[in-house]
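J.: For reference, the structure I am asking about is given below.
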Amino acid sequence: MAFEGLAERLQSTLSKIKGKGKVTEADVKTMMREVRLALLEADVNFKVVKDFIASVKERAVGQEVLKSLTPGQQVIKVVNEELTKLMGGEQSKIAVAKKPPTVVMMVGLQGAGKTTTTGKLANHLRKSYNRKPLLVAADIYRPAAIKQLETLGSQLDMPVFSLGDQVSPVEIAKQAIEKAKEEHHDYVLVDTAGRLHIDESLMGELQQIKEAVNPDEILLVVDAMTGQDAVNVAESFNEQLDITGVVLTKLDGDTRGGAALSVKAVTNTPVKFAGMGEKLDALEPFHPDRMASRILGMGDVLTLIEKAQTTVDEEKARELEKKMRTADITFDDFLEQLAQVRNMGPLDELLGMMPGANKMKGLKNVQVDEKQIGHIEAIVRSMTKAEKENPTILNASRRKRIAKGSGTSIQEVNRLIKQFDEMKKMMKQMSGMTAKGKKKGKFKFPFM
Amino acid sequence: MSFFKKLKEKITKQTDTVTEKFKDGLSKTRDSFVGAMNDLVKNYRSVDEEFFEELEELLISADVGVVTVMELIDELKDVARTRNIKSSEELQPVISEKLAELLQKSEEDGKVNVQESGMTVILFVGVNGVGKTTTIGKLANKFKQEGKSVLLAAGDTFRAGAIEQLEAWGERVGVDVIKQQSGSDPAAVMFDAVQAAKSRGVDVLLCDTAGRLQNKVNLMNELEKVKRVIEREVPGAPHEVLLVLDATTGQNAMNQAKTFGKATDVSGIVLTKLDGTAKGGIVLAIRHELDIPVKFVGLGEKVDDLQEFDAEQFVYGLFSEVLEEAETE
Ligand SMILES: Nc1nc2c(ncn2[C@@H]2O[C@H](COP(=O)(O)OP(=O)(O)OP(=O)(O)O)[C@@H](O)[C@H]2O)c(=O)[nH]1
Ligand SMILES: Nc1nc2c(ncn2[C@@H]2O[C@H](COP(=O)(O)OP(=O)(O)OP(=O)(O)O)[C@@H](O)[C@H]2O)c(=O)[nH]1
Ligand SMILES: [Mg+2]
Ligand SMILES: [Mg+2]
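Residue numbers (the working numbering), protein chains in the order written: chain A, 1 to 448; chain B, 1 to 329.
This is the structure in structure tokens:
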């Protein structure tokens, strides 16, 4: 199989690059050739691949190689991190209108999975948020499209609004909103007909629906098996409709799903959900990190790298210990340690094992919610080098930019910076204690 | 006679409407593809590494697949070396020749195996949403216009509204549909349909099946069972197993061809949605690696948006400007 050959080649290239120390330019060049192939074979658009390779190259050269990794693995680690970053943070939330009903419009190419996803989303909204959605059959073209949605509606025991196939979709959508208001539905999910992004009149129809009902959310439904054309489709739908998110369907298949990356890269809107089957409960939150390693197709290597990362690098730890004493830890150090912390268990648990730690002021705020680690990583990665090294320059406008870049909120950014400051303060207080504890061998502070 | 002369002659002999329709549907594809080809020639007058890199990109962007592309490029490099080709203009015809050769191995490739006497059974298989049901509607119409009697089997008992969709097509085209309730065993539906087809003495039975992803082992087993029923009830059937592929699909189409091929012995491909901007280049790789020919292309959602696949037309569509240039030489 073509891909297996590729994975093997990647592996053998990995093992060929020997030696320790820093990643050389030659290492990166050899690896990038293979990475490029892997990404293209995964259907990532060739232009997106080009940009990606360029940015990774820059970051990878000169990297210090973790003790337990080879330079080749170190490069793959960087590639995986950059891919994850490109895929964005976790985002399975759907918009909520200030004044109900929240209007959601499903759009996309023929056969992508719009109608099925409409049913799944309704199910999800009811199950997870106790909402009361109204499904709207606005596909008047495809044979039995209305019947399809009605069948899904009756499977879910939810109402479907339809005016048959002789009324324009714009009118259907308008009347559906009225109906939803009357009957106190808090969500209106509009299923539209599949169409080509180059079909001017049908794209115009979508714009008219958008104007008429002012949707809070326009979800582009994309088949995960889509090839190079995904960028054209996504770009075009986004230009004409300003989509707010993406649903990636048919991820239960064996596709690498490179389209996810292409779509993200050209629309810069989050992938909100993953379709994982034909049944109505087969809608899942989208995991950007999992998608990254799926696209890369390097599960084994990545596991290896992960393992290597969990073994704390002694040298690094000593260096950090020194930094901690003087409390000139940077955000980069912070991020690096975060990965280790995650593998060691919950932070508060570790802190709890420290004698006297529970008496320490501000410690509560240092607790890191496992779920938020992803956000924290995204925030730190959105900082410039200067900002990471010198957090004092983080003024309001910088914080705003970081929030935007990481797909988080200003509040989250502020909170992290505050926590970081507190941690630094705490470290000053504790450096003595740490040394003492270490001597006794009673506990190991997580940042060492 | 030169390759291009032959090609041109064959094309002009074809009924113009078919060619026009085909070219129409492919115009988007052709414009971007040929435009890129011409840019390529303009930008690089000598055949060097850079030229090949650009060509590689062009083919990759058409979803041909990176492995096939690299092999093709290697072959082209060899040709350039042995024939001492230095300019890209000279190499251009070689490129299109190569692609046509790949798609067109014999005249028989594009033909559908229709029985002279007795019933022809065609089974449609493929992943979700590629266009199986729509293609059946279009093909039923085509056979009917040829004066054949047609019956449809509603073998998708799973997806919401699938039976009604096929029935709508049956009504539109004016052919009957054999069905059972939603949720019933598709093999049982197929059994019924074959019996009905036999007793009515129809010429063509077109069998719809539910879309399924090729990595779902249970569903693939179910499909094998459906096929076995047809085999058992009609000796020599199914006469064609057509794998429907969506032209927008990338490299996964290769997996689809492999797995469906193994399970149901696929005899041909229907490449749908070529009216979009996707180029469907993966069929080149599939032909290259698995030797499955393309039989039809879908060029829209309407009943007559289906054309028999002709590799030469396909290449002509992609390279028409290039071919015309060669012609005026
Ligand atoms: N395996 C799998 N199948 C899916 C998924 N989502 C949708 N499908 C299937 O894909 C096919 C097409 O889905 P539809 O919901 O009809 O797609 P659509 O976008 O509404 O199609 P049009 O209205 O014709 O444009 C159906 O067979 C669905 O069951 C998914 O996440 N996984
Ligand atoms: N533009 C375009 N759309 C097509 C073409 N063929 C089919 N479609 C559309 O693609 C969508 C899916 O087609 P179906 O025939 O339902 O596909 P299917 O393979 O039977 O789908 P499932 O039974 O759900 O697996 C419909 O909206 C069709 O109108 C084509 O050649 N061009
Ligand atoms: Mg639909
Ligand atoms: Mg179908």
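Here a beta-carbon is modelled for each residue, glycine too, at the ideal position from N, C-alpha and C.
What residues of chain A sit near residue 251/B, judged by a beta carbon separation below 9 angstroms?
T.: Those within 9 angstroms of residue 251/B in chain A are 2, 3, 40, 41, 42, 43, 225, 227, 255, 256, 258.
J.: If we cut at 9 angstroms on Cβ distances, does residue 138/B have a partner in chain A?
T.: Not closer than 9 angstroms to any Cβ of chain A, the Cβ of residue 138/B fails to qualify, so no.
J.: Let me check one thing: in DSSP terms, what residues is residue 87/B bridge-paired to?
T.: 46/B.
J.: Which of helix, strand or coil does DSSP assign to residue 307/B?
T.: Note: residue 307/B maps to strand in three-state DSSP.
J.: Quick one: does residue 415/A have its CB under 9 angstroms from some CB of chain B?
T.: False, the Cβ-Cβ gap to chain B never drops below 9 angstroms.
J.: Report the option in 120/B, 119/B, 134/B whose CA atom is closest to the CA atom of residue 126/B.
T.: The candidate whose alpha carbon is nearest that of residue 126/B is 134/B.
J.: Let me know the secondary structure DSSP gives residue 80/B once reduced to three states.
T.: Residue 80/B: helix per DSSP, three-state reduction.
J.: Where residue 220/A and residue 259/A are concerned, what is the direct C-alpha to C-alpha distance, given to the nearest angstrom?
T.: Distance between the alpha carbons of residue 220/A and residue 259/A is about 13 angstroms.
J.: Roughly how many angstroms separate the alpha carbons of residue 448/A and residue 401/A, rounded to a whole number?
T.: The predicted position of residue 448/A is uncertain, since its pLDDT is 29 and thus under 50; no value can be drawn from it.
J.: Is it buried or exposed for residue 71/A, if we count other Cβ within 10 angstroms and need 16 for buried?
T.: Residue 71/A should be labelled buried.
J.: When you compare each of 161/B, 207/B, 293/B to residue 267/B by their alpha carbons, which one comes out closest?
T.: The shortest C-alpha separation from residue 267/B is found at 293/B.
J.: Could you check whether the Cβ of residue 172/B sits closer than 9 angstroms to any Cβ belonging to chain A?
T.: Yes, contact with chain A.
J.: Rounded C-beta distance between residue 492/A and residue 235/A? I'm assuming under 8 angstroms.
T.: The requested residue 492/A does not occur in the structure, where chain A is confined to residues 1 to 448.
J.: Taking the alpha helix (DSSP H) that residue 148/B falls in, what are its first and last residues?
T.: Premise fails: residue 148/B is in no alpha helix (DSSP H) and is neither H nor E.
J.: For chain A, is any of its Cβ atoms less than 9 angstroms away from the one on residue 218/B?
T.: No, no contact with chain A.
J.: Spatial neighbours of residue 79/A within its chain, please: C-beta separation below 6 angstroms, excluding the five flanking residues on both sides.
T.: Excluding sequence neighbours, residue 79/A sits near 35, 56.
J.: Which whole-angstrom value describes the C-beta separation of residue 422/A and residue 379/A, a residue pair presumed to lie in contact below a C-beta threshold of 8 angstroms?
T.: That pair is no contact at about 16 angstroms.
J.: Report buried or exposed for residue 150/A, applying the criterion of at least 16 other Cβ atoms within 10 angstroms of its Cβ.
T.: Classification of residue 150/A: buried, given that the 10 Å Cβ count is 16 or more.
J.: Of all Cβ atoms in chain B, is any one closer than 9 angstroms to the Cβ of residue 392/A?
T.: Cβ-Cβ to chain B under 9 angstroms: no for residue 392/A.
J.: Please name the residues in the segment 112-133 of chain B whose beta-carbon is closer than 9 angstroms to at least one beta-carbon of chain A, in chain order.
T.: Listed in sequence order: 127, 128, 129, 130, 131, 133.
J.: To the nearest angstrom, report how far apart residue 273/A and residue 302/B are at their CA atoms.
T.: Answer to the nearest angstrom: the Cα atoms are 32 angstroms apart.
J.: Threshold first: 4 residues or longer. Then list the alpha helix (DSSP H) segments lying entirely within the segment 40-93 of chain A, N to C.
T.: Listed in chain order, they are 46-60, 71-87.
J.: Below 8 angstroms on the Cβ atoms is my contact criterion, and I expect residue 271/A with residue 248/A to pass it. Report the Cβ-Cβ distance as a whole number of Å.
T.: At roughly 5 angstroms, the Cβ-Cβ gap stays under 8 angstroms, so residue 271/A and residue 248/A are in contact.
J.: Please identify, using Cβ separations under 9 angstroms, the residues of the segment 109-127 of chain A that lie next to chain B, in order along the chain.
T.: Listed in sequence order: 109, 110, 111, 112, 113, 115, 116, 119.
J.: Comparing alpha-carbon positions, which option in 254/B, 304/B, 278/B, 149/B lies nearest residue 291/B?
T.: For the residues 254/B, 304/B, 278/B, 149/B, the minimum Cα distance to residue 291/B belongs to 254/B.
J.: Secondary structure at residue 124/B, three-state DSSP: helix, strand or coil?
T.: Strand.
J.: In angstroms, rounded to a whole number, what distance separates the CA positions of residue 153/B and residue 209/B?
T.: Residue 153/B and residue 209/B: Cα-Cα distance of roughly 9 angstroms.
J.: Which residue wins for smallest C-alpha separation from residue 193/B, given the options 277/B, 177/B, 184/B?
T.: When each option's Cα is compared against that of residue 193/B, the closest is 177/B.
J.: Among the candidates 64/B, 114/B, 139/B, 179/B, whose CA atom is the shortest distance from the CA of residue 244/B?
T.: Ranking 64/B, 114/B, 139/B, 179/B by Cα distance to residue 244/B puts 139/B first.
J.: According to DSSP, is residue 198/A helix, strand or coil?
T.: Three-state DSSP puts residue 198/A in coil, outside helix and strand.
J.: Per DSSP, what kind of secondary structure is residue 141/A in: helix, strand or coil?
T.: Coil, per DSSP.
J.: Around the Cβ of residue 236/B, are there at least 16 other Cβ atoms within 10 angstroms (buried) or fewer (exposed)?
T.: Classification of residue 236/B: exposed, given that the 10 Å Cβ count is below 16.
J.: I want to see whether chain B comes within less than 9 angstroms of residue 411/A, judged by CB atoms only; does it?
T.: Taking Cβ atoms only, chain B never reaches closer than 9 angstroms to residue 411/A, which makes this a no.
J.: Suppose you measure from the CA of residue 201/A to the CA of residue 237/A; what does that come to, to the nearest Å?
T.: Distance between the alpha carbons of residue 201/A and residue 237/A: 13 angstroms.
J.: What whole-angstrom Cβ distance do residue 173/A and residue 138/A have, given they're in contact under 8 angstroms?
T.: Yes, residue 173/A and residue 138/A are in contact; Cβ-Cβ is about 6 angstroms, under 8 angstroms.
J.: How would you call residue 41/A, buried or exposed, if buried means at least 16 neighbouring beta carbons within 10 angstroms?
T.: Buried: at least 16 other Cβ atoms inside 10 Å.
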